[in-house]
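Asks: Residues 1 to 705 in UniProt numbering are what the sequence shown spells out, letter by letter.
From the three backbone atoms N, C-alpha and C, an ideal C-beta is built for every residue, glycine too.
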Amino acid sequence: MSKPTSPAASDSPAFVIPPAPPGSARAQTVRDLNTARSLVSFPVDKLSNIIHGSPDVMKRKKELLALIESDPVFSKANRHHGSREDRMLRSMQMSKRLIEIRDAHKLSDADMWTLRALVDETIVITLHEGMFLPVLRSQCSPEQAKYWIPLAEQYKIIGSYAQTELAHGSNLSGLETTATYIQETDEFEIHSPDITAAKWWIGSLGVMSTHTLVQAKLIINNKDYGPHPFVVPIRDPETHVPFPGVRVGDIGPKMGFNLIDNGWILFHKYRIPRTNLLMRFSQVTSKGQYVKPPHAKLAYSGMVFVRTNLVRMAANALAKAATISVRYAAMRRQFTVVNTAKQQIGMRSSDETPVIMYPMVQARMFPRVAEAYATLFTAQEIESMYHDMMHRLESFDVSTLPAVHANSSALKSYCTGLALDGIEELRRACGGHGFLMSSGLPYLMANYSPNVTYEGENQLLTQQTARYLLKQLHKHQTQSETLHPMVEYLELVSLGGIKAQCTGVSSPTDWFNPSVQRAAFAHRAARLVGELAHQISHEGIPFADLNVECARVSVAHSQFIMVSSFHNTLHKLLKQDASMAVYPALKLVADVFALSEMLKNVGDFTEDGYLSQAQVKCLRQAFKTALHDMMKDAVGLVEAWGYTDYELDSAIGRSDGKIYEALLQRALDDPINQKQGGKGVAKGYQEYIRPLLKGERAPVKLAKL
Numbered sequence: 001m002s003k004p005t006s007p008a009a010s011d012s013p014a015f016v017i018p019p020a021p022p023g024s025a026r027a028q029t030v031r032d033l034n035t036a037r038s039l040v041s042f043p044v045d046k047l048s049n050i051i052h053g054s055p056d057v058m059k060r061k062k063e064l065l066a067l068i069e070s071d072p073v074f075s076k077a078n079r080h081h082g083s084r085e086d087r088m089l090r091s092m093q094m095s096k097r098l099i100e101i102r103d104a105h106k107l108s109d110a111d112m113w114t115l116r117a118l119v120d121e122t123i124v125i126t127l128h129e130g131m132f133l134p135v136l137r138s139q140c141s142p143e144q145a146k147y148w149i150p151l152a153e154q155y156k157i158i159g160s161y162a163q164t165e166l167a168h169g170s171n172l173s174g175l176e177t178t179a180t181y182i183q184e185t186d187e188f189e190i191h192s193p194d195i196t197a198a199k200w201w202i203g204s205l206g207v208m209s210t211h212t213l214v215q216a217k218l219i220i221n222n223k224d225y226g227p228h229p230f231v232v233p234i235r236d237p238e239t240h241v242p243f244p245g246v247r248v249g250d251i252g253p254k255m256g257f258n259l260i261d262n263g264w265i266l267f268h269k270y271r272i273p274r275t276n277l278l279m280r281f282s283q284v285t286s287k288g289q290y291v292k293p294p295h296a297k298l299a300y301s302g303m304v305f306v307r308t309n310l311v312r313m314a315a316n317a318l319a320k321a322a323t324i325s326v327r328y329a330a331m332r333r334q335f336t337v338v339n340t341a342k343q344q345i346g347m348r349s350s351d352e353t354p355v356i357m358y359p360m361v362q363a364r365m366f367p368r369v370a371e372a373y374a375t376l377f378t379a380q381e382i383e384s385m386y387h388d389m390m391h392r393l394e395s396f397d398v399s400t401l402p403a404v405h406a407n408s409s410a411l412k413s414y415c416t417g418l419a420l421d422g423i424e425e426l427r428r429a430c431g432g433h434g435f436l437m438s439s440g441l442p443y444l445m446a447n448y449s450p451n452v453t454y455e456g457e458n459q460l461l462t463q464q465t466a467r468y469l470l471k472q473l474h475k476h477q478t479q480s481e482t483l484h485p486m487v488e489y490l491e492l493v494s495l496g497g498i499k500a501q502c503t504g505v506s507s508p509t510d511w512f513n514p515s516v517q518r519a520a521f522a523h524r525a526a527r528l529v530g531e532l533a534h535q536i537s538h539e540g541i542p543f544a545d546l547n548v549e550c551a552r553v554s555v556a557h558s559q560f561i562m563v564s565s566f567h568n569t570l571h572k573l574l575k576q577d578a579s580m581a582v583y584p585a586l587k588l589v590a591d592v593f594a595l596s597e598m599l600k601n602v603g604d605f606t607e608d609g610y611l612s613q614a615q616v617k618c619l620r621q622a623f624k625t626a627l628h629d630m631m632k633d634a635v636g637l638v639e640a641w642g643y644t645d646y647e648l649d650s651a652i653g654r655s656d657g658k659i660y661e662a663l664l665q666r667a668l669d670d671p672i673n674q675k676q677g678g679k680g681v682a683k684g685y686q687e688y689i690r691p692l693l694k695g696e697r698a699p700v701k702l703a704k705l
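1. Do residue 311 and residue 393 have their CB atoms nearer than 8 angstroms?
2. Please list the terminal residues of the continuous alpha helix (DSSP H) segment that includes residue 387.
3. Could you compute how far the alpha carbon of residue 602 sits from the alpha carbon of residue 448?
4. How would you call residue 116, buried or exposed, if buried means at least 16 neighbouring beta carbons within 10 angstroms?
5. Where does residue 743 sit, in a helix, a strand or coil, going by DSSP?
6. Could you tell me whether the Cβ atoms of residue 26 and residue 661 are closer together than 8 angstroms?
7. Does the structure place the stretch 476-484 close enough to the stretch 149-162 that three or more beta carbon pairs sit under 8 angstroms?
8. Which of the three DSSP states is assigned to residue 195 in this structure?
9. Are the CB atoms of residue 415 and residue 652 within a distance shorter than 8 angstroms?
10. Which residue wins for smallest C-alpha separation from residue 237, given the options 302, 207 and 268?
11. Using alpha carbons as the reference points, say which of 149, 334 and 356 lies closest to residue 326.
12. Would you list the one or two residues that DSSP bridges to residue 160?
13. Would you be able to state if there are at least three C-beta pairs under 8 angstroms between the stretch 528-539 and the stretch 326-345?
14. Output the distance between the C-alpha atoms of residue 620 and residue 371, rounded to the nearest integer angstrom.
15. On the DSSP bridge assignment, give the partners of residue 223 in chain order.
16. Can you check whether the CB of residue 198 is closer than 8 angstroms to the CB of residue 272?
17. I'd like the span of the alpha helix (DSSP H) that includes residue 511, first residue to last.
18. Give me the Cα-Cα distance between residue 282 and residue 294, rounded to the nearest whole angstrom.
19. Ignoring anything shorter than 4 residues or poking outside the stretch 270-356, list the alpha helix (DSSP H) runs there in chain order.
20. Please state whether DSSP places residue 266 in a helix, a strand or coil.
21. Contact between the stretch 504-524 and the stretch 445-459 is defined here as three or more beta-carbon pairs at a separation below 8 angstroms; is this criterion met?
22. Consult DSSP for residue 113 and reduce its assignment to one of helix, strand or coil.
23. May I ask which residues mark the beginning and end of the beta strand (DSSP E) holding residue 181?
24. I think residue 418 touches residue 324, with their Cβ atoms under 8 angstroms apart; what is that distance to the nearest whole Å?
25. Could you check how far apart the C-beta atoms of residue 164 and residue 113 are, in whole angstroms? I think they sit under 8 angstroms.
26. Using a 10 Å radius around the Cβ and a threshold of 16 neighbouring Cβ atoms, would you call residue 279 buried or exposed?
27. From the DSSP output, read off the bridge partner residues of residue 488.
28. Determine the direct distance from the alpha carbon of residue 421 to that of residue 408, and round the result to whole angstroms.
29. Buried or exposed for residue 571, going by 16 or more other Cβ atoms inside 10 Å?
30. Just the C-alpha distance for residue 365 and residue 17, rounded to the nearest angstrom, thanks.
31. What are the partner residues of residue 200, as DSSP defines its beta bridges?
32. Between residue 277 and residue 228, which are expected to be in contact by the criterion C-beta below 8 angstroms, what is the C-beta distance as a whole number of angstroms?
33. Might you give, ordered along the chain, the residues of its own chain that have their beta carbon closer than 8 angstroms to the beta carbon of residue 46, omitting 5 neighbours on each side?
34. Whose C-beta lies closer than 6 angstroms to the C-beta of residue 700 among residues of the same chain, with five residues either side of it excluded?
35. Counting beta carbon pairs with one atom in the stretch 372-381 and one in the stretch 583-601, are three or more of them shorter than 8 angstroms?
36. Nearest CA to the CA of residue 119: which residue from 140, 92, 106 and 103?
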């Protein structure tokens with residue numbers, strides 16, 4: 001058999017992607033994306049202002065992006081390559097550079113939040129900014145704040161938050177690490193009684209932190225006062241060597257998040273000053289007297305801060321994935337079919353069909369777009385509640401703390417799960433190209449996935465929400481206590497409304513009525529809470545045996561809040577002339593969200609007879625109509641979030657439409673495809689491939705089989 005005739009690899013010039021031939025699939029992607037943009041029924045910049053609050057926010061974002069986009073330290077060209085150690089060093093390099101930029105440009109805390117989001121990596125200072133500093137600000141006494149906070153803000157110390165342990169995570173009462181007060185020296189002795197007491201999963205602890213906030217059981221005169229936070233120095237500020245009595249390290253490779261040094265730490269009778277106990281709410285005097293906090297749950301404010309932020313982060317992550325996938329669906333063509341959507345925009349039936357026009361693709365992608373918006377508007381409401389709570393806490397008014405804690409727990413649980421599931425569904429909907437790291441979707445999913453576990457495992461958090469709802473129902477029934485708007489549906493339990501039937505739906509269009517949607521979610525949530533209360537009070541079932549029911553209650557409560565928050569946002573827009581141009585499109589998105597959420601759990605709405613079979617049929621038809629109507633605005637709805645190509649880092653979600661060129665260029669740039677030894681021969685050929693081809697086999701010791 002003759003050999004193919006071609007120039008030797010060493011003589012071949014580097015491959016350069018040629019211009020797209022007219023009429024080619026490559027040229028078509030650019031036209032298709034521009035066509036999709038031309039179909040949008042609203043001014044995208046107006047919707048962008050609603051998402052971000054004002055044009056100034058986007059203007060500032062562009063200014064901040066310019067600080068890092070051209071800086072080689074923040075290049076994303078090789079983010080998927082290199083060893084874990086290489087990635088960790090890159091994380092440290094980016095962290096250092098961010099602080100240099102902050103100091104040089106005198107950036108505010110808000111600017112730094114934006115800048116870290118633009119970097120789009122969970123780097124080693126993330127926990128310093130996201131946990132260490134917020135807890136110091138919320139739990140330091142005034143004297144402690146004057147000392148610790150400037151050190152942390154100026155990065156003279158770098159901190160982390162050490163709560164979870166090897167054997168205990170969510171169960172705070174099960175933590176084993178102790179902090180025993182030694183009155184003779186006015187110190188606390190931090191001690192890990194066993195390896196199971198090792199603090200574990202602590203972000204920024206493995207290599208970066210000089211200090212960590214340790215949650216340890218406070219022991220005074222052999223009495224356990226429960227977990228309290230202590231500022232614990234762990235490494236020498238000059239050498240970074242761990243102090244005697246401290247064993248600390250990294251926990252190893254993870255599914256994602258590998259630019260951050262999740263670590264472990266063990267203490268052996270390690271002493272710290274008494275004043276390192278954070279004393280805003282509770283104190284220990286030099287005589288060993290314990291002063292309890294005004295309210296047992298005041299310390300929850302730091303946790304609430306993080307959970308509230310996680311709701312907004314869920315919206316942002318899902319919106320990124322939606323931007324990539326919806327753009328791709330508008331550009332990707334497959335099959336020549338007769339399709340209603342093609343006919344409506346004047347396409348020939350013989351033309352290949354953009355996949356965004358297929359109902360199944362719409363059903364997979366558009367609800368995810370709607371979920372991003374619903375999560376955003378919900379985040380805005382819970383953030384408003386949080387800021388009001390923090391203002392009240394300044395005067396030790398804890399009246400709103402239980403509501404904010406319970407609702408942030410429910411929404412952290414539901415919204416992070418919604419986002420992770422949505423990102424994965426969007427990735428799958430992009431087919432094979434969605435599986436490539438160069439699509440941007442797998443990396444986004446892997447790095448987002450820890451959100452469903454940290455700061456409260458999602459299913460466990462639902463029990464906190466269920467307890468709160470049961471207490472609110474009991475207080476309302478026994479003390480006639482006024483219900484918070486987020487739980488006002490509990491009124492239906494007292495009034496017997498949970499036995500009602502839906503009377504407002506006789507045709508598909510009735511499902512587009514916000515009052516009908518809200519009433520359905522209120523009924524379902526009230527019924528499930530009422531049934532949970534009945535199981536405990538009348539059937540004698542222990543709360544601990546009702547985990548599954550608690551999860552259903554929390555989901556129903558979260559969906560009620562999200563539907564209500566979306567409707568509240570629409571109601572506000574009706575009062576703003578500048579927003580009227582986008583109202584119809586956003587109203588349709590709200591409909592897609594509400595109807596999609598109902599169909600996910602349609603059994604909850606039918607098992608008690610609230611909805612009839614005919615009404616469910618109307619629901620499905622309304623949903624299908626809403627998806628079809630949303631297609632023309634889909635690209636505008638995702639592009640209103642304003643994510644740049646730098647942020648998305650996606651070959652298939654590019655704003656210029658050149659997706660096939662980008663996919664091939666990413667492949668050409670991969671280190672495996674770079675020439676080895678000037679002949680284009682892959683590394684490993686001489687050692688492994690050539691011996692196979694030549695029939696060369698190394699001896700193998702035979703074993704008994």
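Replies: Working from what's here:
1. If you number the sequence shown from 1, residue 311 lands on position 311. If you number the sequence shown from 1, residue 393 lands on position 393. In this structure, residue 393 does not lie closer than 8 angstroms to residue 311 by Cβ.
2. Along the sequence shown, one-based indexing puts residue 387 at 387. Run containing residue 387: 359-393, per the alpha helix (DSSP H) assignment.
3. Here the question's residue 602 lines up with position 602 in the sequence shown. Here the question's residue 448 lines up with position 448 in the sequence shown. Straight across, the Cα-Cα distance linking residue 602 with residue 448 is about 28 angstroms.
4. Numbered from its first residue, the sequence shown carries residue 116 at position 116. Residue 116 should be labelled buried.
5. The structure shown has nothing for residue 743, since the chain only spans 1 to 705.
6. Taking the first residue of the sequence shown as 1, we reach residue 26 at position 26. Taking the first residue of the sequence shown as 1, we reach residue 661 at position 661. Yes, the pair counts as a contact, with Cβ atoms nearer than the cut-off.
7. Taking a cut-off of 8 angstroms for Cβ pairs, the stretch 149-162 and the stretch 476-484 do not touch, as fewer than three such pairs fall below it.
8. Here residue 195 refers to the residue found at position 195 when the sequence shown is read from its first residue. The answer is helix: DSSP assigns residue 195 an H, G or I state.
9. For the purposes of this step, residue 652 is taken as residue 652 along the sequence shown, with counting starting at 1. For the purposes of this step, residue 415 is taken as residue 415 along the sequence shown, with counting starting at 1. Not in contact: residue 652 and residue 415 (Cβ atoms no closer than 8 angstroms).
10. Position 237 of the sequence shown, counting from 1, holds the residue named residue 237. Among 302, 207 and 268, the Cα nearest to that of residue 237 belongs to 207.
11. By 1-based counting over the sequence shown, the position of residue 326 is 326. For residue 326, the closest of 149, 334 and 356 by C-alpha to C-alpha distance is 356.
12. As a first step, residue 160 must be located in the sequence shown, where it is residue number 160. DSSP output for residue 160 lists 212 as bridge partner(s).
13. Segments in contact, no.
14. Locating residue 620 in the sequence shown gives position 620, counting from the first residue. Locating residue 371 in the sequence shown gives position 371, counting from the first residue. Residue 620 and residue 371 have their C-alpha atoms spaced approximately 18 angstroms apart.
15. By 1-based counting over the sequence shown, the position of residue 223 is 223. Per DSSP, the beta bridge partners of residue 223 are 220.
16. One-based indexing of the sequence shown puts residue 272 at position 272. One-based indexing of the sequence shown puts residue 198 at position 198. Their beta carbons are not under 8 angstroms apart, which means residue 272 does not touch residue 198 by this criterion.
17. Here the question's residue 511 lines up with position 511 in the sequence shown. Taken as a continuous stretch (DSSP letters only), residue 511 belongs to no alpha helix (DSSP H), as it is neither H nor E.
18. Taking the sequence shown and counting its residues from 1, the one referred to as residue 282 is at position 282. Taking the sequence shown and counting its residues from 1, the one referred to as residue 294 is at position 294. Rounded to whole angstroms, residue 282 to residue 294 spans 8 angstroms at the Cα level.
19. Within the stretch 270-356, the complete alpha helix (DSSP H) segments of 4 residues or longer fall at 300-331 and 340-344, listed in chain order.
20. Taking the sequence shown and counting its residues from 1, one reaches residue 266 at position 266. Strand.
21. These segments do not touch.
22. Taking the first residue of the sequence shown as 1, we reach residue 113 at position 113. Under the three-state reduction of DSSP, residue 113 is assigned to helix.
23. Taking the first residue of the sequence shown as position 1, residue 181 is located at position 181. Boundaries of the beta strand (DSSP E) harbouring residue 181: 178-182, taken from the DSSP string.
24. Mapped onto the sequence shown, residue 418 falls at position 418. Mapped onto the sequence shown, residue 324 falls at position 324. About 18 angstroms separates the beta carbon of residue 418 from that of residue 324, a gap too long to meet the 8 angstroms contact definition.
25. The sequence position of residue 164 within the sequence shown is 164, counting from 1. The sequence position of residue 113 within the sequence shown is 113, counting from 1. 24 angstroms between Cβ atoms; not a contact.
26. Numbered from 1 along the sequence shown, position 279 holds the residue referred to as residue 279. Looking at its Cβ environment, which holds 16 or more other Cβ atoms inside 10 Å, residue 279 is buried.
27. By 1-based counting over the sequence shown, the position of residue 488 is 488. Answer is none; residue 488 lacks a bridge partner.
28. Here residue 408 is taken as the residue at index 408 of the sequence shown, counted from 1. Here residue 421 is taken as the residue at index 421 of the sequence shown, counted from 1. About 19 angstroms.
29. Position 571 of the sequence shown, counted from the start, is the residue given in the question as residue 571. Per the 10 Å Cβ criterion, exposed.
30. Taking the sequence shown and counting its residues from 1, the one referred to as residue 365 is at position 365. Taking the sequence shown and counting its residues from 1, the one referred to as residue 17 is at position 17. The straight-line gap from Cα to Cα measures roughly 31 angstroms.
31. Residue numbering aside, residue 200 sits at position 200 when the sequence shown is read from its first letter. In the DSSP output, where bridge partners are listed per residue, residue 200 has 264.
32. As a working mapping, residue 277 is identified with position 277 in the sequence shown. As a working mapping, residue 228 is identified with position 228 in the sequence shown. Their Cβ separation, rounded to whole angstroms, is 6 angstroms, which keeps residue 277 and residue 228 in contact under 8 angstroms.
33. In the sequence shown, residue 46 corresponds to position 46, counting from 1. The beta carbon of residue 46 sits closer than 8 angstroms to those of 578, 579, 581 and 582, all from its chain and outside the five residues before and after it, given in chain order.
34. Sequence index remark: in the sequence shown, residue 700 carries index 700 (1-based). Here residue 700 has no same chain residue with a Cβ atom under 6 angstroms from its own Cβ, once five neighbours each way along the sequence are excluded.
35. Touching, yes.
36. As a working mapping, residue 119 is identified with position 119 in the sequence shown. Of the listed residues, the one whose Cα sits closest to residue 119 is 92.
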